[in-house]
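Inspection log for the structure reproduced underneath, given as structure tokens.
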Amino acid sequence: MADYVLARKTRNIASSAVHVFLNILLGITTVLITVFSGSPVLGILLVLISKWRIVAVRRRYLWLNIKSNLVDLIVGLSIVLLAFYAGSSLSAMHFVLMALYVVWLIVIKPMSSEQATLAQSLTAVFLGISASTIMTASLDPTFGVVLAFLIGYAASRHVLSQTNDKDFTLTTLVCGLVFAEVAWLCHSWAIIYTFGDTGIRIPQVAIILTIFAFVYNYARQAMIRYQEDFRFRNILGPVLFGLVLVGIIVTFFSNPIFNI
């Protein structure tokens, strides 16, 4: 019996080690193959292949499975697109993206606590909006608006699906519409923060919508917690913090020299 338990533990350790190794390999290869090929196609295919389990279900569960994995897909595809737009030669940005994707796959993604779910959603918002803003900067605003709606919907659904709410369709749609509206307003004045020759570029709208997503989730949780006793003062602190932070960003960090 003791030999069986030891063998089982050894097998589990070996399996976990292989799983970690494959995730590290995926995180690094996804970025490198995008950079060296000079195209996002191979990187996108690699991300999609790694998510083969999405379609390995019965047909009636397929759409539900796709929606459940939207946040993970957004993060993976965003990493590929950001790596592509960072240039065809390795830069600091590419190494940052490799590290981010590896941390996402090994640390952030497997967690299931309420705080971890929020962190996963905020990560998808920041990376997704960053990639979509850079990608659609010179395209018709419709593309950016649609992508922003999808990101907002997916991030909100990811958080709400972990709660006891039976129907959260309206809430997720409202969040998606807010994202779409903000993306449309910011399209004609897309501010991108750059950091020398590192290749790191952060769109202002990605920071704003990440702050909004955090405050939005905090307000929703407060309403559920206090229910009939809810007062605006219960969320006053985070709301004011968010408004002040966004105000500072828009007022003092919207210099046209960043404009793409």
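Residue numbering for the sequence shown follows this note's numbering, starting at 878 and increasing by one per position.
Each residue gets a CB set at the ideal place from its N, CA and C atoms; glycine is no exception.
Given the structure is predicted, the values throughout are model-derived calculations rather than measurements.
Neighbourhood of residue i by C-beta, 6 angstroms cutoff - its chain only, sequence neighbours within 5 removed
i, result
"M1100", "F1107"
"G1029", "C1052, G1053, F1056"
"A879", "Confidence is the limiting factor: at A879 the pLDDT is only 48, short of 50, which leaves the residue's position unreliable and the question unanswerable from this model."
"V908", "A960, H971, L974, M975"
"I1077", "M970"
"S955", "L1004, G1005, A1008"
"G920", "T907, I910, T911, V957"
"H1035", "V948, S998"
"T1071", "R1078"
"F1045", "L1037"
"I901", "V979"
Residues near residue i in its chain [Cβ-Cβ closer than 7 angstroms; skip 5 each side]
i, result
"L958", "P917, A1008, M1012"
"A1060", "G1021, V1022, A1025, V1082"
"S965", "V912, G915"
"V1002", "I1028, A1032, L1086, T1087, A1090"
"T1048", "S1033, L1037"
"T1075", "S968, A969, M970"
Beta-bridge pairing of residue i - partner residues as DSSP gives them
i, result
"R1078", "T1071"
Nearest-angstrom Cα separation, counted from residue j out to residue i
i, j, result
"L903", "A963", "19 angstroms"
"L1122", "S1065", "22 angstroms"
"T911", "N1111", "46 angstroms"
"L967", "I1125", "33 angstroms"
"L1062", "S1131", "14 angstroms"
"F1135", "L923", "Residue placement at F1135 cannot be trusted, given a pLDDT of 48 that sits under 50; the coordinates are not used to answer."
"Y1095", "S914", "42 angstroms"
"I943", "E1058", "25 angstroms"
"I890", "Q1039", "29 angstroms"
"V1144", "I1085", "The chain is shown from 878 up to 1137; residue 1144 falls before or after that span and cannot be answered."
"G1119", "V934", "41 angstroms"
"T1177", "V952", "The requested residue 1177 is not part of the displayed model; the chain covers only 878 to 1137."
"Y938", "L947", "14 angstroms"
"I1068", "F1129", "12 angstroms"
"A894", "T1010", "37 angstroms"
"Q1098", "Q1104", "10 angstroms"
"I905", "L982", "11 angstroms"
"L1050", "S892", "40 angstroms"
"L899", "W940", "27 angstroms"
"V1127", "R936", "46 angstroms"
"L950", "L925", "8 angstroms"
"G1073", "R1102", "45 angstroms"
Cβ neighbours of residue i in the same chain (closer than 8 angstroms, five flanking residues each side left out)
i, result
"P1115", "F1091, V1092, Y1095, A1096"
"I985", "A993, A996, Q997, T1000"
"L1117", "none"
Check whether the stretch 959-976 and the stretch 985-993 are in contact - that is, three or more C-beta pairs closer than 8 angstroms. no
Validate contact between the stretch 995-1002 and the stretch 1078-1095 using beta carbons, cut 8 angstroms, 3 pairs: yes
Quick test of the definition: if touching needs 3 or more C-beta pairs under 8 angstroms, does the stretch 922-938 touch the stretch 1013-1029? no
Runs of 4 residues minimum, wholly inside the stretch 960-995: which ones carry the alpha helix (DSSP H) assignment? 969-980
Could I get the ranges of all uninterrupted alpha helix (DSSP H) runs contained in the stretch 1000-1054, with 4 residues as the minimum, in chain order? 1018-1037
Pick out the complete alpha helix (DSSP H) segments inside the stretch 1083-1129, 4 residues or longer, and give them in chain order. 1113-1129
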